[in-house]
Amino acid sequence: MPTRDEIFDSVRETLVDALGLDDDEVVPEATLMGDLGAESIDFLDIAFRLEKAFDIKIPRGELFPENIASSDSGFVKDGQFTEAGIAELRTKMPHADIDSFADDPKVENMQDLFTVDMLVNFLEARLA
Numbered sequence: 001m002p003t004r005d006e007i008f009d010s011v012r013e014t015l016v017d018a019l020g021l022d023d024d025e026v027v028p029e030a031t032l033m034g035d036l037g038a039e040s041i042d043f044l045d046i047a048f049r050l051e052k053a054f055d056i057k058i059p060r061g062e063l064f065p066e067n068i069a070s071s072d073s074g075f076v077k078d079g080q081f082t083e084a085g086i087a088e089l090r091t092k093m094p095h096a097d098i099d100s101f102a103d104d105p106k107v108e109n110m111q112d113l114f115t116v117d118m119l120v121n122f123l124e125a126r127l128a
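The UniProt record's numbering numbers the first residue of the sequence shown as 1 and each following residue consecutively.
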């Protein structure tokens, strides 16, 4: 089992390659979209690269949940996640910092859940 630092180093290398970044841009608190410039299409490439780097299979939607923020999901009302929606995020994304998100659960803030640290947490749990 790789250490957390080794996982972080592999995640950083993956993001540098996938997004054309410099090493120093990839810090634990960096958001994939806001800070690192990833687009939703990049998430598929990142997941694929992580699968190869760690020799694991990441089922679609496990790392980056899909359709949870859609208006017909039942988890969003008036542009914000409901209590049920936040509970669903906790279930689907135990590797993300849902507590901070819950302070301002606007749908547009969901992208801030996708951080470098979230990727490391996911992989650390998966590899354990």
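Glycine included, each C-beta is placed from N, C-alpha and C at the ideal position.
Just so it is clear, the structure is predicted and the values come from calculations on it, not from any experiment.
For residue i versus residue j, is the C-beta spacing smaller than 8 Å?
| i | j | result |
| --- | --- | --- |
| residue 136 | T115 | Past the boundaries of the shown model lies residue 136; the chain is included only from 1 to 128, so the question cannot be answered. |
| E83 | I68 | no |
| L123 | F54 | yes |
| E66 | I58 | no |
| A128 | M33 | no |
| I56 | L15 | no |
| V107 | P28 | no |
Starting from residue i, trace the alpha helix (DSSP H) in both directions and tell me its first and last residue.
| i | result |
| --- | --- |
| D45 | S40 to F54 |
| S100 | I98 to A102 |
| E124 | V116 to L127 |
| V16 | R4 to L19 |
| R90 | E83 to K92 |
Please report the straight-line C-alpha distance between residue i and residue j, rounded to a whole angstrom.
| i | j | result |
| --- | --- | --- |
| L19 | K77 | 33 Å |
| D112 | A38 | 12 Å |
| G74 | G85 | 8 Å |
| D5 | V26 | 13 Å |
| L44 | M118 | 16 Å |
| A102 | M110 | 10 Å |
| I7 | D23 | 15 Å |
| H95 | D9 | 18 Å |
Does residue i pass the burial test, meaning 16 or more other C-beta atoms within 10 Å, or should it be called exposed?
| i | result |
| --- | --- |
| G61 | exposed |
| M93 | buried |
| R12 | buried |
| A125 | exposed |
| F48 | exposed |
| I98 | buried |
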